[in-house]
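K.L.:
Going by this note's numbering, the letters in the sequence shown line up with residues 1 to 314, in that order.
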Amino acid sequence: MTPTPKFRVAISGAGPAGLALAATIARFNDPESPVAVDIYESQAEISTVGAGIVVWPRIRLLLEELNLMETLRGELGATQAPGGPKFSYVFRKSDEESGWDFFRYVPPSSPLALHRAALISALQGGLANDPLCTIHTSSRVSSFSENAEGVTVSLANGATAKADLIVGADGVRSAVRAAMFPGGFHEDQRVDPTWTGTVCNRALVTREALERIYGGEHPAMKRSTIYCGHAKHVVAYPIAKGAFVNILAFVTEDKCGAEYKHDNGKWVHDATTDEVVAQFKGWEPEVIALLKAADKFSAWAIHIMLDMPCATIG
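#1: Counting Cβ pairs closer than 8 Å, one from the stretch 258-277 and one from the stretch 212-227, do we hit at least three?
#2: So what's glutamate 45 in DSSP terms, helix, strand or just coil?
#3: DSSP three-state call for tyrosine 40: helix, strand or coil?
#4: What are the residues that DSSP puts in a beta bridge with asparagine 147?
#5: Of the residues Glu70, Tyr40 and Lys93, which one's Cα is nearest the Cα of tyrosine 227?
#6: For a cutoff of 7 Å on Cβ pairs, would you count glycine 215 as touching chain C?
#7: So arginine 8 is in the beta strand (DSSP E); what residue range does that whole segment cover?
#8: Could you check whether the stretch 89-107 touches the stretch 117-127, counting it as contact only if at least three pairs of C-beta atoms, one from each stretch, sit closer than 8 Å?
#9: Taking 8 Å as the threshold, find out whether the stretch 187-207 comes into contact with the stretch 19-38 through three or more Cβ pairs.
#10: At the level of alpha carbons, what is the spacing between alanine 179 and glycine 13?
#11: Less than 6 Å between C-beta atoms, sequence neighbours within five positions excluded: which residues of the same chain meet that for serine 236?
#12: For phenylalanine 297, does the count of other Cβ atoms within 10 angstroms reach 16, so buried, or fall short, so exposed?
#13: If you run the structure through DSSP and keep just helix, strand and coil, what is alanine 122?
#14: May I ask you to list the residues that DSSP assigns as paired with aspartate 101?
#15: So, helix, strand or coil for glycine 215, using DSSP?
#16: Is proline 285 helix, strand or coil by DSSP?
#17: Give, in chain order, every unbroken run of the alpha helix (DSSP H) that is at least 4 residues long and sits entirely within the stretch 153-185.
#18: Go through its chain and collect everything with a Cβ distance to aspartate 295's Cβ below 6 Å, but skip five positions before and after it.
#19: Between the stretch 109-117 and the stretch 140-152, do three or more beta carbon pairs fall short of 8 Å?
#20: Where does the unbroken beta strand (DSSP E) through isoleucine 239 begin, and where does it stop?
#21: In the DSSP assignment, find the unbroken alpha helix (DSSP H) run with isoleucine 59 in it and report its ends.
#22: Which residue's Cα is closest to the Cα of alanine 203: Lys292, Asn157 and Val106?
#23: Name the DSSP beta bridge partners of isoleucine 226, please?
#24: Please name the residue in Ala209, Ala271, Ser174 and Gly197 whose C-alpha comes closest to that of serine 42.
#25: Between the Cα of cysteine 310 and those of Arg177, Pro193, Met69 and Gly158, spot the shortest distance and give me the residue it belongs to.
#26: When the Cα atoms are used, what is the spatial distance from valine 199 to glycine 18?
#27: So what does DSSP say about isoleucine 304, is it helix, strand or coil?
#28: Output the distance between the C-alpha atoms of threonine 134 and tyrosine 40, rounded to the nearest integer angstrom.
#29: Does DSSP put glycine 52 in a helix, a strand or coil?
#30: Residues in the same chain with beta-carbon distance under 7 Å from threonine 160, minus the five sequence neighbours each way, listed in chain order, please.
#31: Helix, strand or coil for aspartate 130 per DSSP?
#32: Would you tell me roughly how many angstroms separate the C-alpha atoms of arginine 8 and valine 277, rounded to the nearest one?
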């Protein structure tokens, strides 16, 4: 029989950060005095939609501690397996008809390149049988308040919940952060995200589609490459043992701090392949083939948080 929890943590957001925190609490929970966790997710189900992500060795060590690396072993490519070839990033001058490699960076350790869905599934699977962790879907956190008795979490559907602590893992437009600073501390201290002036066009392409467009094996199928040009660059690397190539095409459109006005100000929106290819007109064929192999792109206006007055209250 599980002891009655004496402390309850509410987590807003069931993305990688929120699930990783819950998995960490579950892994190191004290059986005599356990901590209960409630994860509040705005979507109707935990989303495994997304593109490739890179997990560096420091985070891999944490995944080992959480007993999750065994689940992710099937994602290991040649450069990530023990005794495999050295991983490297190739930097290439590409904003003209004929490109060339100008630098190769070999990090001390190889990162793990995998699909976001694989990481989400591993984290969620580690919580599936934990009686002290509950995931509440269709439960968007809209705000919270606190008093001497703890925290009251307010949800967009009108419901409320009690906790001793709330953690915001709900993205750059965090409702938890907004509730922490309802009026700001000082006028010169921003608590809202700032557009960097850059848009990242993201896509996953299959090996088959890229081979068809390129007319053979594309270099990005076997190495991580950063294609460089003026105010633009494209990052491409293989994931899922080379079954896919993850593409991130960055375009700097304005200075940091400018207002993002595209498509009614939506920070994430669809972009057609033709639209993205047009932004790289005149680049070398290796880049154009990469972009043309995508069915469509997801355009992300990259926002950041500048210095905040603090990260905790209470």
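All C-beta atoms in this analysis are idealised placements derived from N, C-alpha and C, irrespective of residue type, glycine included.
P.N.:
Inspection of the coordinates gives the following:
#1: The way I'd put it, the stretch 258-277 doesn't touch the stretch 212-227; fewer than three beta-carbon pairs between them come closer than 8 Å.
#2: coil
#3: Here tyrosine 40 sits in strand by DSSP.
#4: Gly150
#5: Lys93
#6: Given the protein chain composition of this structure (a single chain), no chain C is represented.
#7: Per DSSP, arginine 8 is one residue of the beta strand (DSSP E) stretching across 7-12.
#8: no
#9: no
#10: 15 Å
#11: First, the amino acid is wrong: residue 236 is alanine here, not serine. Excluding residues within five positions, the ones whose Cβ falls inside 6 Å are Ala220, Thr225, Val245, Ile247 and Leu290.
#12: buried
#13: Three-state result, alanine 122: helix.
#14: Arg92
#15: Glycine 215: coil per DSSP, three-state reduction.
#16: helix
#17: 175-180
#18: none
#19: Short answer: they don't touch.
#20: 232-239
#21: 57-65
#22: Lys292
#23: Phe91 and Val235
#24: Ser174
#25: Arg177
#26: 25 Å
#27: strand
#28: 9 Å
#29: strand
#30: So the qualifying residues of the chain are Thr152, Val153 and Ser154.
#31: coil
#32: Distance from the CA of arginine 8 to the CA of valine 277, rounded to the nearest whole angstrom, comes to 50 Å.
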